[in-house]
Every structure is written in C-alpha cells, then in structure tokens.
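Numbering (my numbering), first residue to last: 1 to 154.
No residue lacks a Cβ here, since even glycine has one placed at the ideal position from N, Cα and C.
Quick caveat, the model's predicted, so the values are computed rather than measured.
Just below is one structure, and these are the notes that go with it.
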Amino acid sequence: MNLNWKAGAAVAAAVLLLVLIVRPTSSGHHFKVTATEYDCNVKISDDPRPLNKEVLSTVSIKCATPPKQTNLVLQLQYHKAGNAPWANAGDARAYTGMPTPNYQDINITQPCAAGSWRIEYSLGGVASVLGTNFQQPPQFGGSKDISDSQCVNS
C-alpha cells in the first residue's frame, strides 16, 4: 500500500466514525455514532401528569454501546395560555450514570400548575473510542393539558 492510500483510508474511516445517524422511531429516538462510539435509545415513558400535587414525567434510556460519559438532560416545560411561549419549569435534571442494555427510568417533577406541560430531553457526553464530545439536538414530547382540579386532586 502506498502512503496516499493509507492516508485516504484513515480520513475516510475518521469521517465515517463522526457521521451521526439519528432516526426517530415509534418508541423514542435512536442516537448512534458507529457501534464503537455509542448506540443509545431514549424514549418518553410517561408524559407529564399530575401526581401528589406535582407534575411527573419519565424518560428512559438504554445503550447497547454506552458512551464513555453520559449526560442526559431532562427539562419540564410549561405554558399557561395557548399562545404563550414554552418556558422551562424549574431546574433541569441531569442523568450522568452509565446506561445499561436495559431501559433505565429517570423521573423529573415540578409543583403542579394548571396549563400545558411537555418534557424536553437532550443526550450529550463523550464518545467511547475517540473521546470526542457530542451533543444531540433537543427532543420534545407532546403537550399535555393539566387542569387546576387535576392538580388539587392528584
């Protein structure tokens, strides 16, 4: 092999490792950068709902190949009126553990208030082999309307 062919093959392999494939599925989102970097599925297991005078939502993660470092950030979002912009409700919750091949649930709660609620999540971290930082675009769940009476009676 000549040196130019080896260099070309190395560049092609590096580009292939950095190409990101994101496929939405009916069970969440699949985030993958080759099988050696990370291969994770994230799904909303429970849309926002009232529970014990709070709003609870659950997001689940599993990774066939976990990244070297994981940062799954969950954020409940709220708006009171139909035309009002979405706003973050309270602090975000970060999951920084090592995902397993089976789904792990991460809950987030905020005090209950009447209005529309949704969950936002984003996956970031450090890829396994190359050690490069990655950050996926945020994903959003559907809007869920919660009434005053649902909050009071939860």
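Could you tell me the alpha carbon to alpha carbon distance between residue i and residue j, rounded to whole angstroms?
| i | j | result |
| --- | --- | --- |
| V152 | Y38 | 43 Å |
| Y173 | P137 | With the chain covering only 1 through 154, there is no way to say anything about residue 173. |
| R118 | A127 | 29 Å |
| P67 | G125 | 7 Å |
| I60 | G82 | What sits at residue 60 in the sequence shown is Ser, not Ile. Looking at the two C-alpha atoms, the distance is approximately 28 Å. |
| Q69 | M98 | 7 Å |
| T65 | Q139 | 21 Å |
| C40 | V129 | 15 Å |
| N102 | L123 | 17 Å |
| H29 | V42 | 5 Å |
| S154 | N133 | 41 Å |
Evaluate residue i with the Cβ neighbour count: other Cβ atoms within 10 Å of its Cβ, from every protein chain shown; 16 or more gives buried, anything less gives exposed.
| i | result |
| --- | --- |
| A87 | exposed |
| K53 | exposed |
| A89 | buried |
| P85 | exposed |
| Q135 | exposed |
Relative to the C-alpha of residue i, which residue among the options is closest?
| i | options | result |
| --- | --- | --- |
| C63 | S149, Q77, G141 and Q104 | Q104 |
| R93 | T100, Q75, A81 and P101 | Q75 |
| I106 | L123, K43 and T58 | T58 |
| H79 | L51, C112 and N102 | C112 |
| L51 | I108, G28 and N133 | I108 |
| S116 | R49, H30 and V42 | R49 |
| Q77 | I146, S154 and Q150 | I146 |
Assuming contact is defined by CB atoms lying nearer than 7 Å, are residue i and residue j in contact in what I supplied?
| i | j | result |
| --- | --- | --- |
| Q110 | V73 | no |
| D91 | A114 | no |
| K144 | D47 | yes |
| N131 | I44 | Note that residue 131 corresponds to Gly in the displayed sequence, not to Asn. Going by C-beta atoms, G131 is not nearer than 7 Å to I44. |
| N71 | T96 | yes |
Could you tell me which uninterrupted alpha helix (DSSP H) segments, each at least 4 residues in length, are contained entirely in the region 54–92, listed from first to last along the chain? none
In chain order, what are the residue ranges of uninterrupted beta strand (DSSP E) at least 3 long that sit wholly in the region 89–115? 93–95 and 104–111
What beta strand (DSSP E) runs, 3 residues minimum, are completely inside the region 113–151? 115–126, 133–135 and 144–146
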